[in-house]
Amino acid sequence: MSNRLRQFFMQYKFHTMALDEEFLKCHLDYKERALFDRLGKKEQNHSISVAKGLSEIKDLENHNQLVKVGLLHDVGKSMRPLSIMEKGLFVVAHKVLKKKMKRLASFDGVASYLYHGERGAEILRRHNVFKNQPLFYDVVKTHHWSEEILIQKNRKEKFFIYHSQLKKIDDQY
Numbered sequence: 018m019s020n021r022l023r024q025f026f027m028q029y030k031f032h033t034m035a036l037d038e039e040f041l042k043c044h045l046d047y048k049e050r051a052l053f054d055r056l057g058k059k060e061q062n063h064s065i066s067v068a069k070g071l072s073e074i075k076d077l078e079n080h081n082q083l084v085k086v087g088l089l090h091d092v093g094k095s096m097r098p099l100s101i102m103e104k105g106l107f108v109v110a111h112k113v114l115k116k117k118m119k120r121l122a123s124f125d126g127v128a129s130y131l132y133h134g135e136r137g138a139e140i141l142r143r144h145n146v147f148k149n150q151p152l153f154y155d156v157v158k159t160h161h162w163s164e165e166i167l168i169q170k171n172r173k174e175k176f177f178i179y180h181s182q183l184k185k186i187d188d189q190y
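Now the structure itself:
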């Protein structure tokens, strides 16, 4: 929970930070940048931080695509952005309610919090962002899923490598 508190306070920092335009130009084409620009400023800076963390892992196959995943992993949040207070409330509620939180998914904000990965994967699929490596749609879709759930789904080893790297760095920011 202390990690979540740190993330909560980082949201204020991300809201005031300038975007790293050079980093974005190096990793996103025009169409992908348009998707990225749908995000709020705090999500944009969060995504840049995640992508920069992923960019430091040089020995992974499809390194540049994984950096792009970092930049676009939260694009599903653009369908229904959450305020800092909503996100904080939903994080606490999710911690308390666990799986029961899904019962509240009829509320737009809760659905955005719970299902932004799935929504983001669908947006990216519609725009053919990872058409040459469709594995990355699943990485975006599942970036908040636990390893236990993924094991039950019989995911491939390469998927686990990408997923674990994204999840580890995403959880830091």
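For the sequence shown, our numbering assigns the number 18 to the initial residue and increments by one for each residue that follows. By construction, the Cβ of each residue, glycine as well, lies at the ideal position given by its N, Cα and C atoms.
Look up residue i in the DSSP assignment and say whether it is helix, strand or coil.
{"i": "GLU73", "result": "coil"}
{"i": "TYR190", "result": "coil"}
{"i": "SER100", "result": "coil"}
{"i": "LYS85", "result": "helix"}
{"i": "VAL146", "result": "coil"}
{"i": "ARG136", "result": "helix"}
{"i": "ASP155", "result": "helix"}
{"i": "ASN79", "result": "coil"}
{"i": "ALA128", "result": "helix"}
{"i": "ALA51", "result": "helix"}
{"i": "GLY105", "result": "helix"}
{"i": "HIS161", "result": "coil"}
{"i": "LYS116", "result": "helix"}
For residue i, does the count of other Cβ atoms within 10 angstroms reach 16, so buried, or fall short, so exposed?
{"i": "LEU36", "result": "exposed"}
{"i": "HIS80", "result": "exposed"}
{"i": "LYS184", "result": "buried"}
{"i": "PHE107", "result": "buried"}
{"i": "PHE153", "result": "buried"}
{"i": "GLN82", "result": "buried"}
{"i": "SER163", "result": "exposed"}
{"i": "GLN169", "result": "exposed"}
{"i": "ARG172", "result": "buried"}
{"i": "GLU60", "result": "buried"}
Short check: CB of residue i to CB of residue j, under 8 Å?
{"i": "HIS144", "j": "LEU88", "result": "no"}
{"i": "PHE84", "j": "SER66", "result": "First, the amino acid is wrong: residue 84 is Val here, not Phe. No, Cβ-Cβ distance for VAL84 and SER66 is not below 8 Å."}
{"i": "HIS160", "j": "GLY134", "result": "yes"}
{"i": "VAL10", "j": "HIS180", "result": "Residue 10 is absent from the structure shown; the chain starts at 18 and stops at 190."}
{"i": "ALA213", "j": "LEU114", "result": "Nothing about residue 213 can be read from this structure; the chain reaches only from 18 to 190."}
{"i": "HIS90", "j": "ASP187", "result": "yes"}
{"i": "ALA138", "j": "LYS158", "result": "yes"}
{"i": "MET96", "j": "ARG50", "result": "no"}
Report, in whole angstroms, the separation of the C-beta atoms of residue i and residue j, which I expect to be a contact under 8 Å.
{"i": "GLY70", "j": "GLN189", "result": "7 Å"}
{"i": "SER129", "j": "LYS94", "result": "6 Å"}
{"i": "GLY126", "j": "LEU99", "result": "6 Å"}
{"i": "VAL92", "j": "LEU41", "result": "14 Å between Cβ atoms; not a contact."}
Consider the Cβ of residue i: report whether some Cβ of chain D lies at a distance smaller than 8 Å.
{"i": "ASN149", "result": "Protein chain content of the structure displayed is limited to a single chain, and chain D is not contained in it."}
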